[in-house]
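Peer 1: Protein chains in written order, with the numbering used here: chain A, 1 to 358; chain B, 1 to 633; chain C, 1 to 206. Ideal Cβ placement from N, Cα and C applies to all residues, glycine included.
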Amino acid sequence: MTAQNSLRPRLLILCWLLLLTASLSGCTAFADRTAPQSTVFPLSDWGRSIQDLYSLVFLMSIPVFIGVEGFIVYAVVRFRRRASDELPNQVHGNTRLEVAWTVIPSIVLLIIAIPTISAIFYSDAPPASAQNVLKVTVIGHQWWWEFHYPDLGVSTANELHLPAGRTASFELKSADVIHSFWVPRMGGKVDVVPTRANHMWFTPDANAVGVYPGQCVEFCGIQHANMRLDLVVDTPSDFEAWTQRQKANAVQPTGGAEQQGAAAFMDATRGLCFSCHAIRGTEAKGTIGPDLTHVGSRRMIAAGILENTPANMQKWIQHSQDIKPGSKMGRPVGNGFQNLAVTDADAAAIAAYVFSLK
Amino acid sequence: MATIAAPAGQRSGLLARPIAPTGVWSWLTTVDHKRIGILYGTTAFVFLLIGGLEALLMRTQLAVPNGRLVGPEEFNSLFTMHGTTMIFLVVMPLSAAFFNYIVPLQIGARDVAFPRLNAFSYWVFLSGALLMHFSFIAQSVPNMGWFAYANLTEKTFSPTPAVDYWVVGLQVLGVGSLAAGFNFLVTILQLRAPGMSLMRMPLFTWTTFVTSILIVLAFPVITVALIELMFDRLFGTLFFNTSGLNGDPIVWQHLFWVFGHPEVYILILPAMGIVSEIIPVFSRKPLFGYPFMVYAVASIGFLSFTVWAHHMFTTGLGPIATAFFAASTMLIAVPTGIKIFNWASTLWGGSISLTTPMLCALGFVTMFTIGGITGVMHASPPVDTQHQDTYFVVAHFHYVLFGGSIFALFGGIYYWWPKITGRFLGESLGKLQFWLMFIGFNLTFGPMHFLGVDGMPRRIYTYPDGLGWNLWNIVATIGAYTIGVAIIVFITNVIRSMRNGEIAGADPWDGMTLEWTIPSPPPHYNFETIPTVHGRDPLWLQKHPQLDGHGPGGQAAPATAMQHAEQEGGHEHPHMPDPSYWPLFAALGLLVAGAGILMTASSTGYTMLVVTGVGLFILLVGIFGWSLEPVNG
Amino acid sequence: MQIVATAPPVHQPPPTHVAETTNGLNNRKVLMWTFLGSDCMFFGALIGTYLIYRGKWLGHPVPTDVFDIPYTSVSAFALLMSSLAMVLALAAIQRGDTRRLQIWLLVTAGLGLVFVGGQIYEFATFGHEGLNLAVNTGGTTFFVLTGFHGTHVSLGIAWLLSLWVLAKRGVITQERSLDVEIAGLYWHFVDIVWIIIFTVVYLIPI
Ligand code: HEA
Ligand code: HEA
Ligand code: CUA
Ligand SMILES: [Cu+2]
């Protein structure tokens with residue numbers, strides 16, 4: 001309310017303009033190309049059609065952003081109060097302006113809406129041109145992922161393999177609560193809802209061979225944060241080899257430790273593992289935890305939070321509740337779980353056995 | 001109640017009405033809209049500190065990868081209570097504080113239409129808040145997120161009573177909100193001063209009006225959702241049970257968001273109203289395009305019921321429904337844009353004084369625009385499938401909720417504080433607070449856009465190293481602490497103002513509306529004589545008579561029913577309503593009833609439902625005592 | 001800075017005119033209308049839930065297995081007639097006829113009781129036939145929807161009976177016919193809701 005010196009407004013406008021440019025350039029330049037879960041460097045057809053749409057929306061919002069913010073900052077600086085009894089011209093409105101700023105945003109929105117709607121219908125089902133679509137069933141469990149390839153007879157967990165350049169079509173189901181299946185580099189997420197099957201599809205780019213992390217993005221309970229997964233995009237021939245290995249039953253334990261471990265695995269008083277896990281070709285037929293037939297071949301264990309090494313495997317067997325508190329691997333106590341009671345020796349042996357299941 | 005005179009001596013209540021003018025009892029039994037406003041405001045501020053503390057804990061946990069400050073259970077409770085608190089116990093009651101204090105003054109009324117119902121609303125609100133926070137004592141804190149998606153909330157997956165605290169607390173809060181919604185609808189429809197036609201109401205009153213409509217229409221829907229969930233948990237009904245009996249968890253999402261989306265406009269419309277009061281006053285120009293602002297508020301209110309499924313774009317709605325909700329969501333940007341452009345045009349050619357309230361209002365307009373633009377990005381469903389449940393959404397809603405609602409509400413506090421207390425809040429501390437808050441806010445929530453784009457999901461208590469999220473998380477945490485400092489500056493400012501703040505006169509800001517025509521703080525009865533209004537911005541017209549009859553809305557006032565009443569020599573005796581024990585008493589009944597349900601939920605069998613029965617009985621006695629009380633307001 | 005405040009001396013009592021309302025309508029009546037608008041959404045949400053599950057029920061019995069439509073039609077008719085009685089009660093007090101008011105209030109409440117009694121009996125029968133809250137989504141949605149409607153009717157009965165007591169004590173006079181009118185608004189609303197529920201739940205075949 002006091003008279004202003006001339007420095008402050010200028011400083012102010014500088015401040016605001018700096019902020020404006022910072023935030024704008026931030027949006028474009030700070031997007032991190034190296035972030036493994038980046039949403040803006042897609043590697044699939046579906047991902048790219050989202051990205052094209054996002055670019056369009058972003059482009060349209062630049063003039064809105066600069067226009068509105070710039071106008072306000074300019075008006076504030078230009079029309080600062082000069083005299084304490086100044087009474088500016090009492091304008092009440094202008095109908096033509098009102099019409100203009102109803103119509104112009106509507107046009108902007110229309111420009112966004114049309115490609116949006118065509119993208120919605122595009123994403124609904126794989127394009128007719130897609131050949132030899134690979135079917136995958138995804139089942140979300142409280143805090144791990146189960147994958148089936150119904151046409152290949154392969155079942156695995158937490159590590160999804162897809163051949164590059166071939167359209168994959170997913171059927172998404174849940175074993176318990178709502179989860180959401182998401183590999184950001186491949187495109188958007190779709191929820192995994194009990195009582196119904198959802199669908200999504202995408203085609204990993206032919207040159208996208210590599211490993212892409214993803215994770216569950218619908219809050220699903222205590223370990224929602226650690227419900228991760230890896231998508232491994234293989235060359236078609238690697239994928240073929242992987243499929244052949246996964247189809248096979250589990251290898252028989254050969255070494256001494258492995259055989260000891262296998263015994264403990266099947267022993268209700270020592271490991272108890274068989275009650276929750278299945279290993280094809282053995283007595284173990286449990287369905288509560290992931291299929292372990294080829295667990296040794298996976299990069300990570302416990303839904304993407306531990307690197308798959310014998311040491312980590314042993315740690316996981318003995319300390320699952322410390323590593324992943326609340327996880328459903330353990331001894332049920334009250335409403336929760338405790339670490340499994342496995343002796344060090346048994347744990348080491350079991351770890352060796354399980355790790356050998358390549 | 002106000003208009004029915006009781007023949008003296010014919011009816012006496014169960015309890016004499018309390019009359020102490022000061023002391024604790026006077027606050028417990030008050031029915032004065034101004035005191036109730038202060039109660040709302042103070043309570044909301046305490047919850048802002050609590051919700052903010054929860055946020056700081058979360059930010060500290062997330063500052064670095066593999067944070068170890070809290071475990072997963074605690075973290076899940078933190079964001080659930082943070083979200084629930086901020087929405088239902090901070091922004092809503094803080095808005096209600098202004099509805100209470102300011103709306104009767106702006107329309108030239110002596111009180112709200114139902115003063116005792118008003119007190120009841122506040123006590124019920126407090127009961128609900130307490131019920132929910134009892135969970136901390138019971139160490140079973142709600143932990144399923146503020147929208148509590150079924151079927152995670154079913155007994156199978158959430159066996160502890162944590163969910164029940166949330167359900168019961170929210171249910172009771174809803175009763176309080178509904179009661180307040182009815183009251184303000186009636187007040188604004190019925191108690192306007194002569195000449196205050198709808199199209200002369202100040203915009204804050206307009207937004208209160210539309211917000212009340214939204215409350216009245218949206219809260220019943222969440223009430224039903226909560227009842228269904230509660231019955232599932234208590235009585236084994238099957239609404240959201242997925243164990244093969246055909247219960248459907250998506251039904252919860254529809255019910256929740258049919259409420260939830262109007263709810264977010266319940267949070268923003270009052271803020272827009274406040275800003276529409278502040279900007280004209282500190283530009284010394286009437287609001288640009290007043291009628292369009294009113295239409296925009298009304299159409300936002302209407303559209304808010306047509307867009308709910310934009311929160312469900314990833315649930316597999318099918319392409320047709322998805323396309324419909326995408327289009328309706330985008331549509332809502334049009335009336336919102338109209339508001340932004342009209343505020344900007346009010347500034348244009350004005351005489352702008354950058355006081356703290358004005359800074360907050362400008363903070364609102366500039367930051368809300370950013371949040372609105374990201375909202376439109378979400379409105380494109382394919383794009384939303386990349387953003388949904390990531391920090392990009394967290395950034396969006398903090399830009400609209402903090403950058404929008406909280407900035408505007410602080411603006412409202414600075415603007416009306418002199419009216420409420422008779423003293424100014426310090427301007428230099430105020431500006432310091434604003435800039436700290438503004439910078440801290442952008443530091444906290446700006447980087448969350450990048451985190452979202454880099455694929456960081458929300459509601460994760462920890463994240464591994466190597467995903468490219470480390471930098472922006474630490475920046476956001478620093479920002480959050482900066483906001484914390486700003487809040488401490490505000491508290492200092494309040495204490496300084498109450499001790500020896502500069503005395504403010506009746507009209508410290510050169511205001512335009514009726515609240516500035518009466519002393520600060522206003523007398524018990526607000527207006528000595530009810531003013532007659534001759535146009536929009538009545539005080540402004542009075543100060544600048546040369547404007548009278550020229551601007552729109554400045555025509556001579558039509559005669560109203562009220563003037564007739566006065567001409568006929570109104571047959572009723574005037575007095576302000578006496579305080580009453582009954583609102584508090586009845587609200588206590590709801591508190592006990594809620595506690596009974598919680599006890600039932602944490603025990604086996606239904607014996608504890610007796611407590612609920614007792615509570616409902618207290619409520620019933622309260623209602624009877626209330627309606628038999630000698631009628632004088 | 002000019003201050004245009006009309007500040008009264010602090011001790012002066014407020015002036016002697018209490019305003020009537022802007023629109024000339026009664027506050028409590030407007031309150032009831034807003035409440036009814038709100039209650040529409042309440043029943044809308046309940047009926048909506050019912051419709052979502054309708055016909056997708058699993059197992060037996062489902063509601064349509066156990067319905068006795070003639071029986072329910074009779075109690076629905078009783079409720080409809082109660083609205084007529086309510087109209088007569090209001091007309092009576094508007095004429096100042098407190099005796100007829102009392103009679104018609106009792107008739108209204110009585111017909112309401114017939115309805116609620118009928119509903120209790122119906123619930124019990126359904127229960128015997130195996131339909132309950134937890135048997136399938138049919139039972140769940142049926143009982144919760146009709147139960148909440150029944151609760152509304154019961155509250156209405158309590159209200160009518162309170163009015164009846166007041167009328168008997170001579171408190172409700174012609175000038176206070178509004179008290180009856182407001183109760184009537186509520187009663188008619190609850191009635192109309194039943195017509196909708198009855199149609200949607202019982203009459204329209206799946
Ligand atoms: C104050 C509260 C508030 C407000 C006002 C808004 C306003 C809007 N919101 Fe937001 N929203 C929330 C609070 C709010 N939101 C919350 C809390 C959530 C998350 C809930 C949760 O999951 O926990 C959410 C989530 C949310 C989603 C779901 C995201 C997801 O989970 O995937 C979507 C999707 O469409 C959305 C859209 C919008 C849109 C289009 C607006 C529009 O109203 C914005 C309109 C404004 C503008 C556009 C700016 C001004 C306009 C112009 C300058 C005109 C020109 C502009 C253009 C042409 C673009 N919001
Ligand atoms: C109006 C609403 C509102 C407001 C104002 C805020 C304010 C803040 N919010 Fe919040 N937020 C939500 C509404 C809001 N939030 C909602 C709805 C969710 C979703 C919840 C869910 O997922 O279910 C959410 C979620 C949310 C998350 C995501 C959590 C997750 O998904 O894992 C984060 C993370 O950083 C966050 C941070 C913050 C911060 C740092 C503030 C800061 O601005 C807070 C500033 C306040 C302070 C810093 C208080 C200062 C107090 C002191 C310094 C004194 C303390 C001392 C005493 C008690 C005496 N919020
Ligand atoms: Cu599964 Cu989150
Ligand atoms: Cu929304």
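Using a Cβ cut-off of 7 Å, which residues of the stretch 187-204 of chain B contact any Cβ in chain C, in chain order?
Peer 2: Under the 7 Å Cβ criterion, the stretch 187-204 of chain B contributes Leu189, Gln190, Leu191, Arg192.
Peer 1: Please classify Gly204 (chain A) as buried or exposed, where buried requires at least 16 other C-beta atoms within 10 Å of its C-beta.
Peer 2: Here residue 204 (chain A) is Pro; the residue named in the question, Gly, does not match the sequence. Counting Cβ neighbours within 10 Å, Pro204 (chain A) comes out buried, since at least 16 surround it.
Peer 1: Say whether chain B places a C-beta atom closer than 7 Å to the C-beta of Asn27 (chain C).
Peer 2: yes
Peer 1: So that I know if they touch, is there some Cβ in chain C lying closer than 7 Å to that of Leu130 (chain B)?
Peer 2: Among the CB atoms of chain C, none fall inside 7 Å of the CB of Leu130 (chain B).
Peer 1: Just the residues with CB closer than 6 Å to a heavy atom of ligand 3, in chain order, which are they?
Peer 2: By the rule of a C-beta closer than 6 Å to any heavy atom of ligand 3, the residues picked out are A:Gly140, A:His179, A:Cys216, A:Glu218, A:Phe219, A:Cys220, A:His224, A:Met227.
Peer 1: Give, in chain order, every unbroken run of the alpha helix (DSSP H) that is at least 4 residues long and sits entirely within the stretch 126-173 of chain B.
Peer 2: none
Peer 1: Could you list which residues in chain C have their beta carbon closer than 9 Å to that of Pro291 (chain B), in chain order?
Peer 2: Within chain C, no residue comes near Pro291 (chain B); the closest Cβ sits about 20 Å away, beyond 9 Å.
Peer 1: For a minimum of 4 consecutive residues, which ranges assigned as the alpha helix (DSSP H) are wholly contained in the stretch 430-458 of chain B?
Peer 2: none
Peer 1: Classify Gln215 (chain A): buried if its beta carbon has 16 or more other beta carbons within 10 angstroms, exposed otherwise.
Peer 2: buried
Peer 1: Does the Cβ-Cβ distance between Leu229 (chain B) and Val167 (chain B) come in under 7 Å?
Peer 2: yes
Peer 1: What are the boundary residues of the beta strand (DSSP E) that Gly613 (chain B) is part of?
Peer 2: Run containing Gly613 (chain B): none in the beta strand (DSSP E); it sits in the alpha helix (DSSP H), 609-628.
Peer 1: Specify the secondary structure class of Ile134 (chain A) as computed by DSSP and reduced to three states.
Peer 2: The question names Ile, but residue 134 (chain A) in the sequence shown is Leu. Here Leu134 (chain A) sits in strand by DSSP.
Peer 1: For Pro590 (chain B) versus Val163 (chain B), is the C-beta spacing smaller than 7 Å?
Peer 2: Looking at the sequence itself, residue 590 (chain B) is Leu, so the reference to Pro does not match. No. Outside cutoff.
Peer 1: List the DSSP bridge partners of Lys173 (chain A).
Peer 2: A:Ile139
Peer 1: Does the beta-carbon of Ser356 (chain A) have 16 or more other beta-carbons within 10 angstroms, so that it is buried, or is it exposed?
Peer 2: buried
Peer 1: Which residues of the stretch 58-69 of chain A have a Cβ closer than 8 Å to any Cβ of chain B? Give them in chain order.
Peer 2: Phe58, Ser61, Val64, Phe65, Val68, Glu69
Peer 1: Between the stretch 112-124 of chain B and the stretch 152-161 of chain B, do three or more beta carbon pairs fall short of 8 Å?
Peer 2: no
Peer 1: Is DSSP giving Phe305 (chain B) helix, strand or coil here?
Peer 2: DSSP places Phe305 (chain B) outside both helix and strand once states are collapsed to three, so it counts as coil.
Peer 1: Over what stretch of residues does the beta strand (DSSP E) that includes Ser155 (chain A) continue unbroken?
Peer 2: 154-157
Peer 1: Need the endpoints of the beta strand (DSSP E) that Arg110 (chain B) sits in, please.
Peer 2: Where Arg110 (chain B) is concerned, there is no enclosing beta strand (DSSP E), given that its DSSP letter is neither H nor E.
Peer 1: What three-state label does DSSP hand Met81 (chain C) in the structure shown?
Peer 2: For Met81 (chain C), the secondary structure class from DSSP, reduced to helix, strand or coil, is helix.
Peer 1: Quickly, what does DSSP pair Arg200 (chain B) with across the bridge? List them, please.
Peer 2: Arg200 (chain B) is not bridged to any residue.
Peer 1: If I measure Cβ to Cβ from Glu258 (chain A) and keep anything under 7 Å in the same chain, skipping five residues before and after, which residues do I get?
Peer 2: Ala352, Tyr353, Ser356
Peer 1: What number of angstroms, rounded off, separates the C-alpha of Phe313 (chain B) from the C-alpha of Leu78 (chain B)?
Peer 2: 26 Å
Peer 1: Just checking: is the beta-carbon of Leu182 (chain B) within a distance shorter than 7 Å of some beta-carbon in chain C?
Peer 2: Going by the sequence as given, residue 182 (chain B) is Phe instead of Leu. Chain C, which has a Cβ nearer than 7 Å to the Cβ of Phe182 (chain B), makes this yes.
Peer 1: Does DSSP put Lys285 (chain A) in a helix, a strand or coil?
Peer 2: strand
Peer 1: Out of A:Gln90, A:Gly289, A:Trp46, state which residue places its alpha-carbon closest to the alpha-carbon of Gly140 (chain A).
Peer 2: Ranking A:Gln90, A:Gly289, A:Trp46 by CA distance to the CA of Gly140 (chain A) puts A:Gly289 first.
Peer 1: Within this structure, are the beta carbons of Pro280 (chain B) and Ser95 (chain B) separated by less than 7 Å?
Peer 2: no
Peer 1: Determine the burial state of Thr329 (chain B): buried for a count of at least 16 other Cβ atoms within 10 Å of its Cβ, exposed for fewer.
Peer 2: buried
Peer 1: Within 10 angstroms of its Cβ, does Asn207 (chain A) collect 16 or more other Cβ (buried), or is it exposed?
Peer 2: exposed
Peer 1: Measure the C-alpha to C-alpha separation of Leu401 (chain B) and Tyr414 (chain B) and round it to an integer number of angstroms.
Peer 2: Just so you know, the alpha carbons of Leu401 (chain B) and Tyr414 (chain B) end up roughly 18 Å apart.
Peer 1: May I ask you to report which of helix, strand or coil DSSP gives Val46 (chain B)?
Peer 2: helix
Peer 1: Determine, for Asn493 (chain B), whether the minimum Cβ-Cβ distance to residues of chain D falls below 7 Å.
Peer 2: Structure shown: chain D not included; protein chains present are A, B and C.
Peer 1: Can you tell me which of C:Phe148, C:Thr151, C:Phe126 puts its alpha carbon nearest to the alpha carbon of Gly139 (chain C)?
Peer 2: C:Phe126
Peer 1: Within the present structure, is the beta-carbon of Gln388 (chain B) separated from the nearest heavy atom of ligand 1 by less than 6 Å?
Peer 2: Gln388 (chain B) has its CB nearer than 6 Å to a heavy atom of ligand 1.
Peer 1: Pro325 (chain A) touches chain B at which residues, Cβ-Cβ below 9 Å?
Peer 2: Gly71, Pro72, Glu73
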